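See structure below.
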Ligand code: ASP
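Okay, structure coming up:
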């Protein structure tokens, strides 16, 4: 070995032993007669010292020629430092160098290899191998490693077995486009890369594997929204002989295990909310529950008996509210002191095209108990008081209200709620709030395509009690489908599956597949259902996202060793790239003119 110790290992108790270290030059401080070198590896930093008159002259001269990021091997005696550095574990000692080998010189790196770097995103991605030398990025990958290890530990302890499924397959519908790979041996034919191992894990249940998991790459050719990767990693899981409750318990267990083992956090049990409630209270199926600020409705019609139909706004001459399907708002605690300027700025913010609200109405609940609103012309103070009651507002609070089409208004208010949460400092990345969202609708209607789409995927089972609605009111059918949400991010989702050929065929036909199409694409799965398929269900977690959440970061990119940029490019290896005509010919996919 080219070293006896790592650069993070030496302590005062090692003083006077002779050691050999290998690593990279972090910094060199040349104080004339004394030279200090910080030598770095992934374990830490150890200070080397060379002194004129003490260190051999040629050695001292060589040391002076070194630069940042040179790879060195240094041998010497461990000595106690005169001025100690309490900030690093090796800070009590230094190594008095008696022999030095330059294992490899280095060009000056294009950005600083420091915790705070001067390198922009593009540069860091082009030289990702240098970026990975930086502590914050390295720590992220170490976190990822621990997450994977602990996942395997938990799953193994629960009798799950890890099975690899193929990567060259055919389309698995998860709602994105497929990446395809041409087959040279079958000219004109293509494999698709898995959007998930969905069909294979279901087949494994038919095979009797009973509890399967896999930490697995998936591929989705989507228009890249911020912070999506065309290839990403899932913790993919499936179980047989289970109901929804069993899955929720099992994977709540996984999440709690990860929080405990990786972050030392004892997570309270994960609360549950129906999709309908999440939409009504937060305008989102992945609400950030680190803070309250739930929606209050001043005008809304509810068909089902569970929620109140209400109207506290109509007939007072305010046309905007009169013609609105819904009037809904949030109460921002302690914000009554917002100035006119701040309110105007908030109004502009919500009117931006990305959000698209037509306007913002406010009601200030002043400390003295009086109420002042931007619609004073139409509503009396006692009417505003009734609103305030509905909002649960107190003196000092500010009510922010929008109106319009119900679905749009809820979506816009969701954005406003998150923005206010951020402004009020209620979204601390080191506070974790988890939530199961349950009872998703089975289907959603695509207005453009004029057909139904599976909200989760076509293998998801309707709730047995809702099956009769499949023919009469498909939009009202609820699924045994669930999402795990942490801090407003969907980190996992799954469902109880269909395991009956006829129901699966009905589902495909509802989704607009002809019998032939369904058979051609998924005949293998429907056939399997006729050979003793057990009841089964599962879930998949977005592993990159889970890691970034645990790391308290917004971006998943820094938790992936070699990520792609926002245009789906790997700028380091310059991929995707063109291929040679010869390859195209072999693949028979070149248009010959
Ligand atoms: N295959 C699903 C997904 O990728 C997860 C599941 O239903 O288990 O979202």
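Numbering (full-length UniProt numbering), first residue to last: 1 to 593.
Virtual Cβ for every residue (Gly too), placed ideally from N, Cα, C.
Note that the structure is a prediction, hence the values are computed from the model and not measured.
Asked, Found
"For a test of your reading of the model: does the CB of residue 174 fall under 7 angstroms from any non-hydrogen atom of ligand 1? Yes or no.", "yes"
"If you follow the beta strand (DSSP E) that residue 73 is in, where does it begin and where does it stop?", "71-80"
"Quick one, are the C-beta atoms of residue 413 and residue 203 less than 8 angstroms apart?", "no"
"Taking residue 599 and residue 452 to be in contact with their CB atoms under 8 angstroms, please state how far apart those CB atoms are, rounded to whole angstroms.", "The shown model of the chain, from 1 to 593, leaves out residue 599, and the question about it has no answer."
"Give me the DSSP bridge partner(s) of residue 331.", "399"
"Who does residue 536 pair with in a DSSP beta bridge?", "240"
"Can you tell me the Cα-Cα spacing of residue 383 and residue 312, whole angstroms?", "8 angstroms"
"Quick one: is the Cβ of residue 539 within less than 7 angstroms of any heavy atom of ligand 3?", "No copy of ligand 3 occurs in the structure displayed; its ligands are ligand 1 alone."
"So, at 6 angstroms on beta carbons, what are the nonlocal neighbours of residue 434 in its own chain, with the 5 sequence-adjacent residues on each side left out?", "270, 486"
"Is there at least one non-hydrogen atom of ligand 1 closer than 7 angstroms to the beta-carbon of residue 149?", "no"
"Give the DSSP-derived three-state secondary structure of residue 41 in the structure shown.", "strand"
"Checking 8 angstroms against the spacing of the C-beta atoms, do residue 21 and residue 74 come in under that value?", "yes"
"Between which two residues does the alpha helix (DSSP H) harbouring residue 151 extend?", "135-157"
"Mind checking which residues open and close the beta strand (DSSP E) that includes residue 30?", "18-31"
"Under a three-way DSSP split, which group does residue 348 fall into?", "helix"
"Could you check what DSSP says for residue 316 in three-state terms: helix, strand or coil?", "coil"
"Whether or not the segment 420-439 and the segment 286-297 are in contact is what I'm after, with contact meaning three or more pairs of Cβ atoms, one per stretch, closer than 8 angstroms; do they touch?", "yes"
"So which of 147, 145, 195 has the shortest CA-CA distance to residue 168?", "195"
"Consult DSSP for residue 453 and reduce its assignment to one of helix, strand or coil.", "strand"
"Please work out which residues of its chain come closer than 6 angstroms, Cβ to Cβ, to residue 27, disregarding the five sequence neighbours upstream and downstream, and give them in chain order.", "38"
"Three or more C-beta pairs under 8 angstroms: does that hold for the segment 127-142 against the segment 520-537?", "no"
"Once DSSP output is grouped into helix, strand and coil, what is the label at residue 570?", "strand"
"Please state whether the Cβ-Cβ distance between residue 170 and residue 192 is less than 8 angstroms.", "yes"
"Between residue 177 and residue 221, how many whole angstroms is the CB-CB distance? I'm expecting something under 8 angstroms.", "4 angstroms"
"Does the segment 563-579 touch the segment 237-249, meaning 3 or more C-beta pairs lie closer than 8 angstroms?", "no"
"Quick one: using the 10 Å Cβ neighbour count with 16 as the cut-off for buried, is residue 472 buried or exposed?", "exposed"
"So what does DSSP say about residue 427, is it helix, strand or coil?", "coil"
"By a C-beta neighbour count over all protein chains shown, 10 Å radius and 16 as the cutoff for buried, is residue 112 buried or exposed?", "exposed"
"Go ahead and label residue 84 buried or exposed: buried means 16 or more other beta carbons lie within 10 angstroms of its beta carbon, across all protein chains shown.", "exposed"
"At a threshold of 7 angstroms, does residue 240 count as lining ligand 1 (C-beta to nearest heavy atom)?", "no"
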